[in-house]
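A quick write-up on the structure given underneath.
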Amino acid sequence: MPPVTRGFVGRRPRDRRLPPGQYDAGDQWPVLTAERAPTLDTARWTFRIDGLVERPVEWTWDEIRALPRERWDGDIHCVTTWSKFGMRWSGVAVDTLLETAGPLPEARFAVAHSHSGYTTNMPLSDLTGGRAWLAFEAQGAPLTREHGGPARLLVPHLYFWKSAKWVAGLRLTAEDEPGFWERNGYHDRGDPWSEQRFQGD
Ligand SMILES: Nc1nc2c(c(=O)[nH]1)N[C@H]1C(S)=C(S)[C@@H](COP(=O)(O)O)O[C@H]1N2
Ligand SMILES: [Mo]
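Quick note on full-length UniProt numbering: the sequence shown kicks off at 1 and runs consecutively.
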């Protein structure tokens with residue numbers, strides 16, 4: 001008999017969509033909320049971009065809904081180890097919103113903040129280049145309140161805690177300012193493929 005590599009036999013190949021240390025949640029879409037889920041009225045809802053920009057901008061619900069919509073289909077990864085494959089999302093590209101505000105050259109980071117007080121930080125470069133959206137819909141339906149509706153941030157190439165639910169705006173900064181989970185030990189950037197779960201990973 002030819003030698004075989006132990007551990008390679010009788011095991012299904014690992015799904016290549018699954019980052020290290022993650023499992024496939026299948027049909028489940030767990031809800032993870034640290035604060036109390038707010039009820040937001042779209043008649044008074046706003047989204048703003050301020051901080052280090054040429055023009056601070058604030059959109060109403062009607063204004064933001066009139067902007068060109070994009071679709072993104074793909075996988076999301078929560079740091080608590082569930083991943084969900086093949087999701088369908090739609091919303092406005094953060095690139096489109098930033099174009100109006102005009103980031104200043106010294107703007108290198110962003111803090112996303114929610115109507116409920118949640119915050120999360122990331123390099124501005126993770127919000128540009130067609131990789132981040134202000135999402136209104138998931139799986140073909142308006143975002144439910146528990147999943148961040150009426151609108152949440154979607155930054156699917158980073159762990160999902162960066163995708164702030166009930167997002168109220170982005171503040172652009174020169175220095176990195178840790179958000180809620182980042183102050184509580186989570187990694188500053190949170191790349192699932194490098195398993196950047198905690199500070200120091
Ligand atoms: N406002 C707010 N946004 C949040 C969170 C939160 O607690 N509050 N949790 C984050 C985490 S840890 C994850 S995994 C996802 C969960 O989104 P879901 O509840 O729609 O699955 O939202 C992220 N955005
Ligand atoms: Mo999470």
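Glycine included, each C-beta is placed from N, C-alpha and C at the ideal position.
{"Item": "Close-in-space but distant-in-sequence residues of the same chain around GLY148 (CB under 7 Å, 5 per side omitted)", "Value": "LYS165 and TRP166"}
{"Item": "Beta-carbon gap between LEU32 and GLY91 smaller than 8 Å", "Value": "no"}
{"Item": "CA-to-CA distance, ALA141 to ARG69, given in whole angstroms", "Value": "14 Å"}
{"Item": "Near ligand 2: THR80 beta-carbon under 7 Å from a heavy atom", "Value": "yes"}
{"Item": "At least 3 beta-carbon pairs within less than 8 Å: the region 184-192 vs the region 45-65", "Value": "no"}
{"Item": "Buried or exposed by the 16-neighbour rule on C-beta atoms within 10 Å, applied to ALA93", "Value": "buried"}
{"Item": "Shell residues, 5 Å Cβ cut-off relative to heavy atoms of ligand 1", "Value": "VAL31, LEU32, THR33, ALA34, CYS78, SER114, TYR118, HIS147, PHE160, TRP161, ALA164 and LYS165"}
{"Item": "The region 107-116 contacting the region 73-86, beta-carbon criterion three pairs below 8 Å", "Value": "no"}
{"Item": "Proximity of LEU158 and ALA107 at Cβ, strictly below 8 Å", "Value": "no"}
{"Item": "Other residues of its chain near LYS162: CB distance less than 7 Å, five sequence neighbours each side excluded", "Value": "THR120, MET122, VAL155 and GLY190"}
{"Item": "Beta-bridge pairing of TYR186 - partner residues as DSSP gives them", "Value": "PHE198"}
{"Item": "Min CB distance ALA107 to chain D below 8 Å", "Value": "Given the protein chain composition of this structure (a single chain), no chain D is represented."}
{"Item": "Rounded C-alpha distance that separates ARG55 from ARG197", "Value": "34 Å"}
{"Item": "Other residues of its chain near ALA37: CB distance less than 7 Å, five sequence neighbours each side excluded", "Value": "ARG145 and GLU146"}
{"Item": "Residue from GLN139, GLN199 and PHE180 whose Cα sits closest to the Cα of ASP27", "Value": "GLN139"}
{"Item": "Backbone secondary structure at PRO142 - three-state DSSP", "Value": "strand"}
{"Item": "Opposing strand residues paired with TYR23 [DSSP bridges]", "Value": "TRP82"}
{"Item": "Beta-bridge partners of ASP73, as assigned by DSSP", "Value": "ARG88"}
{"Item": "N-terminal and C-terminal residue of the beta strand (DSSP E) that ASP50 is part of", "Value": "46-51"}
{"Item": "Cα-Cα separation, ARG44 to LEU98", "Value": "22 Å"}
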